[in-house]
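Scroll down for the structure; my scribbles are underneath it.
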Amino acid sequence: MKNQNVNRFLIIIGTVIVQMGLGTIYTWSLFNQPLVDKFGWDLSATAITFSITSFALAFATLFSGKLQDKWGLRRLVAAAGILLGAGLILSSQVSSLWMLYIVAGVIVGFADGTAYITSLSNLIKWFPEKKGLISGISVGAFGTGSLIFKYVNASFISSFGVSTAFLLWGIIVLVMVVGGSFLLKEAKVSGESTAQAASIQKDYTVKEMLKTKQAYMLFIIFFTACMSGLYLVGIVKDIGVSLAGLDVATAANAVALVAIFNTTGRIILGALSDKVGRMQVVCGTLLATAIAVAVLSFVPLNFPIFFACVAAIAFCFGGNITVFPAIVADFFGLKNQGKNYGVIYQGFGIGALAGSIVAAILGGFQATFTVIAVLCIISLIIAMTIKPPHEADQVKESTGKMKRMQPGTRAG
49 MKNQNVNRFL IIIGTVIVQM GLGTIYTWSL FNQPLVDKFG WDLSATAITF SITSFALAFA
109 TLFSGKLQDK WGLRRLVAAA GILLGAGLIL SSQVSSLWML YIVAGVIVGF ADGTAYITSL
169 SNLIKWFPEK KGLISGISVG AFGTGSLIFK YVNASFISSF GVSTAFLLWG IIVLVMVVGG
229 SFLLKEAKVS GESTAQAASI QKDYTVKEML KTKQAYMLFI IFFTACMSGL YLVGIVKDIG
289 VSLAGLDVAT AANAVALVAI FNTTGRIILG ALSDKVGRMQ VVCGTLLATA IAVAVLSFVP
349 LNFPIFFACV AAIAFCFGGN ITVFPAIVAD FFGLKNQGKN YGVIYQGFGI GALAGSIVAA
409 ILGGFQATFT VIAVLCIISL IIAMTIKPPH EADQVKESTG KMKRMQPGTR AG
């Protein structure tokens, strides 16, 4: 999708600015303890806020495509930026948990998810020939925003207190997302250009996609990838202390390592997928994750082993989050990519909760890692055998022709 009158580089810059602003929500863990100290709330009840944010983010992706059709990309992203900033600014005024759940959970999550999936899908449409690399740049910017603002928000909290930190954070994010939206331009994809760019026969609507077995197979793979990565992100410090015998300060450093390898995986594996194939990359990440969680479950841990496993899981999770938007476009076309990916993306929200539920039922890290390892092997088998709908149809058609051509084959 090239247009001589459009500077695609400016669209990349705008998307990167927007995504960096959106990625700052992954600094939420910095705010839990300061909120507990100020208001006397229970820590676990306070931490639920981010689970609400994650679910609202995933849920928003189901509706963002329709909103984009109605409002247009630039206006929708700008509105989402205003709503996101307003949610964070209002968080500086909360005095009860239910208020925090609504403004920092529901409002912030919904606004973030809306701008995330629409700006990401739009950028992929502008670069159909480099979907993996471009997805890596966009999703990598999201991770970079999280990494940078770990230090920015930590400084705000220590210098001004948690409430003022929310206020300053909200203002900055509002400026970033709204400002970046002015550089965006909506990509228009015709059926003909999509078929030429992605080598597919048709653009699937959501209803058509849900009639294919591939949609559910991709959902299982994405759910598995998200469950493994998100569960690790939430408990990496605790794993270091309880399983690897590290002191609290050393284990806490693993949180930063997860962010670094997560972001690195997004950029490297996104670009690699354009060269070696996206499902090949997914197969590699699933195998590596299965091995890493198996080691965490069954091998006596020290710091090098713990670090290697955590780095591998974070790297693979970042890569999968990056590659999947492009996979959905490869399988079901570019035209409705945002809406289609929004459905598959529900695996993120369910995966965010599944790890904690499994751990609560089975009673520990090691049992949960064993379950994740089994899921990774199942998903690996699916990834090795799955083919896009149009390729599967071609195989069936050619097989049918061969049978009809065989001597002695009778019709009917």
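Position 34 (the sequence shown) corresponds to 82 in my numbering; numbering is contiguous. By construction, the Cβ of each residue, glycine as well, lies at the ideal position given by its N, Cα and C atoms. Everything numeric in this text was worked out from a predicted model, so none of it was measured.
Helix, strand or coil, according to DSSP, for residue i in the structure here?
{"i": "Asn170", "result": "helix"}
{"i": "Gly180", "result": "helix"}
{"i": "Gln141", "result": "coil"}
{"i": "Ala459", "result": "Summary for Ala459: the model assigns pLDDT 43, below 50, so the residue's position carries little reliability; its value from the coordinates is reported in the next sentence. Of the three classes helix, strand and coil, the one that applies to Ala459 here is coil, per DSSP."}
{"i": "Phe158", "result": "helix"}
{"i": "Tyr393", "result": "coil"}
{"i": "Met49", "result": "Unreliable positioning characterises Met49 in this predicted model, as indicated by a pLDDT of 49, which lies under 50. A coordinate reading is not provided."}
{"i": "Ala245", "result": "The predicted position of Ala245 is uncertain, since its pLDDT is 47 and thus under 50; no value can be drawn from it."}
{"i": "Phe354", "result": "helix"}
{"i": "Val347", "result": "coil"}
{"i": "Ile369", "result": "helix"}
{"i": "Ala292", "result": "coil"}
{"i": "Glu234", "result": "coil"}
{"i": "Thr260", "result": "coil"}
{"i": "Trp119", "result": "helix"}
{"i": "Asn80", "result": "helix"}
{"i": "Asp90", "result": "coil"}
{"i": "Val254", "result": "helix"}
{"i": "Phe267", "result": "helix"}
{"i": "Thr109", "result": "coil"}
{"i": "Lys435", "result": "coil"}
{"i": "Phe57", "result": "helix"}
{"i": "Ile65", "result": "helix"}
{"i": "Lys198", "result": "helix"}
{"i": "Lys323", "result": "helix"}
{"i": "Gly228", "result": "helix"}
What is the C-beta distance between residue i and residue j, in whole angstroms, given that I count them as a contact (C-beta under 8 Å)?
{"i": "Gly299", "j": "Lys285", "result": "The amino acid at residue 299 is misidentified as Gly; the sequence shows Ala. Going by Cβ atoms, the distance from Ala299 to Lys285 rounds to 5 Å, so yes, they are a contact pair."}
{"i": "Thr97", "j": "Leu148", "result": "6 Å"}
{"i": "Phe214", "j": "Ser102", "result": "That pair is no contact at about 18 Å."}
{"i": "Thr311", "j": "Thr192", "result": "6 Å"}
{"i": "Gly161", "j": "Ala108", "result": "3 Å"}
{"i": "Val54", "j": "Lys233", "result": "6 Å"}
{"i": "Pro436", "j": "Ser169", "result": "Rounded, the Cβ-Cβ distance is 18 Å, inconsistent with contact."}
{"i": "Ile462", "j": "Met224", "result": "Residue 462 is absent from the structure shown; the chain starts at 49 and stops at 460."}
{"i": "Val210", "j": "Leu83", "result": "6 Å"}
{"i": "Ala431", "j": "Ile269", "result": "6 Å"}
{"i": "Leu70", "j": "Ala163", "result": "6 Å"}
Excluding the 5 residues flanking residue i on each side, which residues of the same chain have their C-beta closer than 7 Å to its C-beta?
{"i": "Val329", "result": "Leu317, Leu320, Ser321, Gly367, Val371"}
{"i": "Ile130", "result": "Leu222, Val226"}
{"i": "Ile155", "result": "Leu131, Gly135"}
{"i": "Ala377", "result": "Ile172, Lys179, Ala246, Gln385"}
{"i": "Ala340", "result": "Cys357, Ala360, Ile361"}
{"i": "Ile409", "result": "none"}
{"i": "Thr75", "result": "Ser194, Phe197, Lys198, Asn201"}
{"i": "Leu278", "result": "Gly399, Ala400, Gly403"}
Give me the residue from the options with the minimum Cα distance to residue i.
{"i": "Ala360", "options": "Leu280, Val391, Phe380", "result": "Leu280"}
{"i": "Ile137", "options": "Phe417, Ile219, Val343", "result": "Ile219"}
{"i": "Ile308", "options": "Gly69, Ser203, Ile196", "result": "Ile196"}
{"i": "Asp251", "options": "Ile61, His438, Arg56, Ile60", "result": "His438"}
{"i": "Cys424", "options": "Leu291, Pro348, Ser276", "result": "Ser276"}
{"i": "Ile100", "options": "Leu401, Arg56, Ala235", "result": "Leu401"}
{"i": "Asp90", "options": "Phe354, Ser229, Leu145, Phe158", "result": "Leu145"}
{"i": "Leu258", "options": "Ile59, Gly390, Gly88", "result": "Gly390"}
{"i": "Ile59", "options": "Phe175, Lys86, Val419, Ala159", "result": "Phe175"}
{"i": "Ile315", "options": "Ser186, Thr75, Val84", "result": "Ser186"}
{"i": "Ile182", "options": "Val422, Gly403, Thr63, Ala421", "result": "Thr63"}
{"i": "Lys261", "options": "Ile392, Ala302, Gly133", "result": "Ile392"}
{"i": "Ser194", "options": "Ala338, Asn80, Ala304", "result": "Ala304"}
{"i": "Gly381", "options": "Ser207, Glu177, Thr212, Thr418", "result": "Glu177"}
{"i": "Phe379", "options": "Met265, Phe396, Phe111", "result": "Met265"}
{"i": "Ser427", "options": "Phe271, Val324, Arg326", "result": "Phe271"}
{"i": "Leu231", "options": "Ala338, Leu216, Leu121, Ile429", "result": "Leu121"}
Given residue i, which residues of its chain have a CB within under 6 Å of its CB, disregarding the five upstream and five downstream residues?
{"i": "Gln116", "result": "Leu124, Thr166"}
{"i": "Gln414", "result": "Ser345"}
{"i": "Thr333", "result": "Cys364, Gly367, Asn368"}
{"i": "Gln394", "result": "Ala106"}
{"i": "Gln67", "result": "Ser186, Ala189, Phe190"}
{"i": "Ile294", "result": "The sequence as given places Leu at residue 294; Ile does not occur at that position. Counting only Cβ-Cβ distances below 6 Å, and skipping sequence neighbours, we find Gly288."}
{"i": "Ala184", "result": "Per the sequence shown, residue 184 should be read as Gly rather than Ala. Hits under 6 Å: Arg314, Ile315, Gly318, Ala319, Thr370."}
{"i": "Phe396", "result": "Ala106, Cys274"}
Might you give, ordered along the chain, the residues of its own chain that have their beta carbon closer than 8 Å to the beta carbon of residue i, omitting 5 neighbours on each side?
{"i": "Leu291", "result": "Leu344, Leu349, Phe354, Phe413, Gln414"}
{"i": "Leu78", "result": "Lys198, Asn201, Ala202, Ile205"}
How about residue i: is its C-beta nearer than 7 Å to some C-beta of chain B?
{"i": "Ile220", "result": "The displayed structure is made up of one protein chain only, and chain B is not part of it."}
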